[in-house]
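Per full-length UniProt numbering, the sequence shown starts with residue 1, numbered consecutively.
C-beta atoms are modelled at their ideal positions from N, C-alpha and C, and glycine is treated no differently.
In this text the structure is predicted, and so the values were computed from the model without any measurement.
Worksheet: one structure, shown below.
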Amino acid sequence: MLKHGNRFDVDGYVTGFGNPDWKRTHSAATLTAPAVLDVLEGGATCVGKTIMDEMAYCINGENIHYGTPTNPCAPDRVPGGSSSGSAVAVGAGLVDFSLGSDTGGSVRVPASYCGILGFRPSHDAISTSGVIPMAQSFDTVGWFARDPAVLNRVGRVLLHLPNVNPVRPSQIFIPEDCFSLSSIPSARTTGVLIKSIEKLFGGSILKHVNLGDYVKEKVPSSHHFMAKGNDHAYNIPSLAALSSSMRLLQRYEFKKNHAEWITTVNPNLGPRLSERIWDAVRSPEENIGIYRSVQTELRAALTDLLKDEGILVLPTVPGDPPKLQMDLASLEVFRARAFSLLSIAGVSGFCQVSIPLGMHNNLPVSISLLAKHGSDAFLLNLVEALYDTIQEEAGFAEKFTN
């Protein structure tokens, strides 16, 4: 059984996009999104649509109109968004898997917060036809599952992949600078993964790297955004620059897609979202050539680093799920660090999976694996091969560190 976010068209139903005024001013869809059709034809049963952040413009998962889905791992914390309801449905055991959209992190973040698996595929690997656009340069159709075999099976249906034998990773890169952004102890994240890799593949494939320095050297166009992305001492300047370029291009494309509707309808938007959405609508026209250069350079740089069977390990998010209605100043600091991590896959178009690592201080912990564009089958197989060992090591770490 599956559910999917209210950004996917289903024939005969209005696609609500998380906002009552959007639903009120749009007609029912006349076609079903190909991604939904694919999983239905693959044997799934659709049992409903789920709540999401308004217009997919947030990673918290809070919605003042329809209510905030309750995080099954931590009821006093946000579930993550924008695909909040889809993640909660899987995390609560209501369905076997669900579909969500991931533009800036909207599958990876709620997967992390709800303690489940979440997969963002390579950009353009799955049709986004019939999915309301947010920012087409980054929009992807992702999915959630509790079981890695289900995650893999759904991926093969959506990506139209044949069954292939798992391939041993050639190198696994651990960027210590990225993990310095996380408030979770390394024993609960990289420590768990390193022990799992050593058990299954041996320690010789583990490599340590400073990703910020690598990006600064290999992505010269990112220097244009360095000042904009380096406003806070808690961040890595080159990765903050990636985040800045991603968020500015998202804003540009969101405006192109939705400014006319927003200015015409003047929709009732949640107070925490309204300012950001109107800022996007009122933003000046941009020369997007520099954004495209950052994308091209980052994809080439990471492809050169990872090659065919390399993996980059990342924190999915920089810490614990934020509390419901967290103060805006603290939330903005957290968001800035989060987007420095999330933008790596977003800007490069690489595939990424968030893997749960149990609980720390009664809150969910996760880690992410990222592979080069087009390596989705390799990454899905690797998750399935690693998962049981990772959970065993996470259990040991949880026992001795909580």
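Cα atoms of A125 and R24: separation of roughly 32 Å, rounded to the nearest angstrom. In this structure D38 is buried. Its beta-carbon is surrounded by 16 or more other beta-carbon atoms within 10 angstroms.
Beta-carbon to beta-carbon, V141 and L99 are separated by about 6 Å, close enough to satisfy the 8 Å threshold. As summarised for the segment 154-235, the continuous alpha helix (DSSP H) elements at least 4 residues long and confined to that stretch are 176-179, 190-201, 211-218, 226-229, given in chain order.
Here R120 carries a strand assignment [DSSP, helix/strand/coil]. Distance from V95 to V157 at the Cβ level is roughly 15 Å; contact not present, criterion being Cβ atoms closer than 8 Å. Taking all protein chains shown into account, H258 has 16 or more neighbouring C-beta atoms within 10 Å of its C-beta and is therefore buried. Contact holds between the segment 97-115 and the segment 302-321, because three or more Cβ pairs, one in each stretch, are under 8 Å apart. A straight line joining the alpha-carbon of N381 with that of I367 spans about 17 Å.
Exposure of R292 is indicated by the presence of fewer than 16 other C-beta atoms within 10 angstroms of its C-beta. Separation of W22 and S238 (C-alpha to C-alpha, rounded to the nearest whole angstrom) is 37 Å. The alpha-carbon separation between S186 and F179 amounts to approximately 8 Å. Within the same chain, and ignoring the five residues on either side of E54 in sequence, the residues whose Cβ sits closer than 7 Å to its Cβ are G18, N19, N63, L269, G270, L273. Membership of T50 in the beta strand (DSSP E) is indicated by the continuous run 46-50. Under the 8 Å Cβ criterion, the segment 194-209 counts as touching the segment 383-391, having at least three qualifying pairs. The segment 353-369 and the segment 325-335 do not touch, with fewer than three beta-carbon pairs separated by less than 8 Å.
For F97, the enclosing beta strand (DSSP E) stretches over residues 97-102.
For R251, same chain residues with a beta-carbon under 6 Å away, outside a window of 5 residues either side, are A280, S283 in chain order. It is roughly 8 Å from the alpha-carbon of T190 to the alpha-carbon of I174.
Here the alpha carbon of A33 sits roughly 15 Å from the alpha carbon of S27. DSSP, read as helix, strand or coil, puts Q325 in coil. For the pair G81 and P364, the CB atoms are not nearer than the 8 Å cut-off. The alpha-carbon separation between I344 and L242 amounts to approximately 7 Å. Cβ-Cβ distances below 7 Å link V154 to V39, F97, W143, A145 in the same chain, with the five nearest sequence neighbours on each side left out; the list follows chain order.
Ranked by Cα distance from P69, the first of G85, R77, S222, C58 is G85. Counting along the chain, the unbroken beta strand (DSSP E) around T140 starts and ends at 140-145. A straight-line Cα-Cα distance of about 7 Å links F378 and V167. Here I367 is bridged, per DSSP, to I355. Setting aside the 5 residues that flank it on each side, G130 is surrounded in the same chain by F8, D9, A29, L31, T32, A33, P34, A35, V36, each with a C-beta closer than 8 Å to its C-beta; the list follows chain order.
Boundaries of the alpha helix (DSSP H) around V36: 34-41. I311: member of the beta strand (DSSP E) spanning 310-314, first to last residue. When DSSP states are grouped into helix, strand and coil, F396 belongs to the helix group.
Taken atom to atom, the span from the alpha-carbon of L341 to that of M246 is near 12 Å. Rounded to the nearest whole angstrom, the C-alpha separation of M359 and G5 is 26 Å. About 14 Å separates the beta carbons of P75 and A87, which is beyond the 8 Å limit, so they are not a contact pair. In this structure, the alpha-carbon of Y13 lies about 14 Å from that of I132.
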